[in-house]
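Novice: In my numbering, the protein residues as written are 1 to 490.
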RNA sequence: GCUCCGUUGGUGUAGCCCGGCCAAUCAUUCGGGCCUUUCGAGCCUGUGACCUGGGUUCAAAUCCCAGACGGAGCACCA
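1. Whole alpha helix (DSSP H) runs in the stretch 60–106 with 4 or more residues, listed along the chain?
2. Here's the rule: buried if 16 or more other CB atoms are within 10 angstroms of the residue's CB, otherwise exposed. What is residue 37?
3. Kindly indicate the opening and closing residues of the alpha helix (DSSP H) around residue 47.
4. With DSSP as the reference, label residue 344 as helix, strand or coil.
5. For residue 416, which of 485, 396, 79, 404 has the nearest alpha-carbon?
6. Taking 6 Å as the limit between beta carbons, can you name the residues of its chain near residue 484, skipping five residues before and five after?
7. Can you give me the Cβ contacts of residue 448 inside the same chain, cut-off strictly under 6 Å, excluding the 5 residues immediately before and after it?
8. Determine the extent of the beta strand (DSSP E) in which residue 451 is found, giving its start and end residues.
9. Quick one: grab the DSSP three-state call for residue 482.
10. My assumption, with CB atoms under 8 Å, is that residue 320 sits in contact with residue 258. Please give the rounded CB distance.
11. Take residue 99 as the anchor and find which of 370, 126, 227, 194 has the nearest alpha-carbon.
12. So for residue 12, helix, strand or coil by DSSP?
13. Can you tell me whether DSSP reads residue 154 as helix, strand or coil?
14. Can you give me the C-alpha to C-alpha distance between residue 327 and residue 301, rounded to a whole angstrom?
15. Is the stretch 227–236 close to the stretch 145–161, with three or more CB pairs under 8 Å?
16. Report the rounded CA-to-CA distance for residue 108 versus residue 117, giving the unit in angstroms.
17. What do you get for residue 435, buried or exposed, if any count of 16 or more other CB atoms within 10 angstroms of its CB means buried?
18. Compute the Euclidean distance between the alpha carbons of residue 309 and residue 412, then round it to the nearest angstrom.
19. What does the Cβ neighbour count give for residue 132, buried or exposed, with the cut at 16 atoms within 10 Å?
20. When the Cα of residue 47 is compared with those of 189, 220, 330, 243, which residue comes out closest?
21. Jot down the residue ranges of each uninterrupted beta strand (DSSP E) in the stretch 298–353, minimum 3 residues, whole runs only, in chain order.
22. Would you report the Cα separation of residue 184 and residue 332, rounded to the nearest angstrom?
23. For residue 389, which residues from the same chain have a beta carbon less than 8 Å from its beta carbon, with the 5 sequence-adjacent residues on both sides left out?
24. Note the first and the last residue of the continuous beta strand (DSSP E) segment covering residue 185.
25. For residue 3, count neighbouring C-beta atoms within 10 Å of its own C-beta (all shown protein chains included) and say buried if the count is 16 or more, exposed if not.
26. So what does residue 206 bridge to, in DSSP terms?
27. In angstroms, rounded to a whole number, what distance separates the CA positions of residue 239 and residue 233?
28. Could you give the residue range of the alpha helix (DSSP H) that holds residue 234?
29. Who are the near neighbours of residue 211 in its chain, counting only those whose CB is closer than 6 Å to its CB and skipping five residues on each side?
30. Measuring alpha carbon to alpha carbon, tell me which residue in 460, 352, 15, 87 is nearest residue 305.
31. Taking contact to mean 3 or more Cβ pairs, one atom from each stretch, closer than 8 Å, check whether the stretch 245–255 and the stretch 65–81 are in contact.
Structure, rendered in structure tokens:
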């Protein structure tokens, strides 16, 4: 019944020219200026999946070449590697661009000697005007020796920020103004936060650094966003000078994620955290990887949803519901059931010949896991929305049928036909005396309520299902008899 | 202003290169039903899309032209 060819259950399009390469090798090139938001998961998800599919590999390269405007956070390097692992992938190698300045300098020197670059002291504004008119600037015809000595001066820190740049000589009359003589190196006065790199002041721009590294690290396929759609064309000039072959490139559009009120941007999230509006990167309201992880969403669920978005150049929206659908399938079988009453109505007194205890199953599909044993005591709590009209019946799940009589619930038997044929609703409940205070943190705001007594024994990190409420991850058992959980999804 | 790119149901996607088997695939969402002492799952079932206008052709989602709409770049950010 399997197709004879291959297990071709992938939804990703074939990589271009992947048959011609012995080993597909890709790269993940994050900027370590913060933990990842959900959209960032797309790159490792798709690259990792391709690597598996083609029996290739990928490397992680931190493109941390701007110590000022995209200043790296030192702890974000390991954080990001940890997130890659959470998503289920393992890089073959890890590089940091800030460790490789000497390599970039060496290539810049080569490029200068080949006549492919020149130092320029035009202001950005001046150059921009010239460039838009397809006019060369006065520095363009400088001889390589002069350029080389000025570049060495840049490296040696003899210029201030803004005073001098190194430009790649492309085609000043190229019909696309974005490709004309772009900047390869500039001076940044702010020291890099990494000790290993804090003495450098002359930094390569992304197009130079990334172009050189892709070649040197043997990258065969690049996937990147449409915001970088001109990068390959820019870098091609450098590749031509060095007589290198450019990797295959796939561009894709931006991802948006629905369901969140917070804008999905590292800098915005960081500002909200600093302003105290979010508790941290893993606040349930934050559209970040640490957040969904804390809620108990498996990396695999996120990866599958991302892979299904494909690699189209249009912008796409990721529906969190599809992540939830994936996750539900992964966790449902292992999630023990509990009752959790949110913001309860005032207690009802139990009257009549009710049983001594209720015995709902730990998991309805797994009888072998046994039952929970809940002593209802003399009073029970139910949710406000579940309170029946006076005189009407309700079925307390695992316990029995009850008829409301004012502030009392009077036992009305255990004949299930009341539910099956007479339309009595089945609801969850907790004993008022022994229920355990539980705080549920969720995207829409925190909810306080009471869980059944046995929930106090649930282990941190365990995934549970609160019946009729949804899945949640047990975060911690506080000393003051309160349990904190993070809501995952219905 | 210059230069790229895109437009298939609510969402995402397949098909488009090499026109016919496409009254258009798959997933999710949504509606209805069955089952069920929750939710979920499972089973059955339904709604729902080729941006517009021309052209080529026996035949166009697929090719051509024009337009609309959307996105991106033209940074000493990545």
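Virtual Cβ for every residue (Gly too), placed ideally from N, Cα, C.
Specialist: Short version:
1. 76–86
2. buried
3. 42–53
4. strand
5. 396
6. 439, 475, 476
7. 439
8. 447–451
9. strand
10. 6 Å
11. 194
12. coil
13. helix
14. 5 Å
15. no
16. 8 Å
17. buried
18. 52 Å
19. exposed
20. 220
21. 316–318, 336–338, 340–342, 348–351
22. 52 Å
23. 404
24. 183–187
25. For residue 3, the pLDDT reaches just 29, beneath the cut-off of 50, and the residue's location in the model is therefore unreliable, leaving the point undetermined.
26. Partner(s): none; residue 206 has no beta bridge.
27. 10 Å
28. 231–242
29. 235, 238
30. 87
31. no
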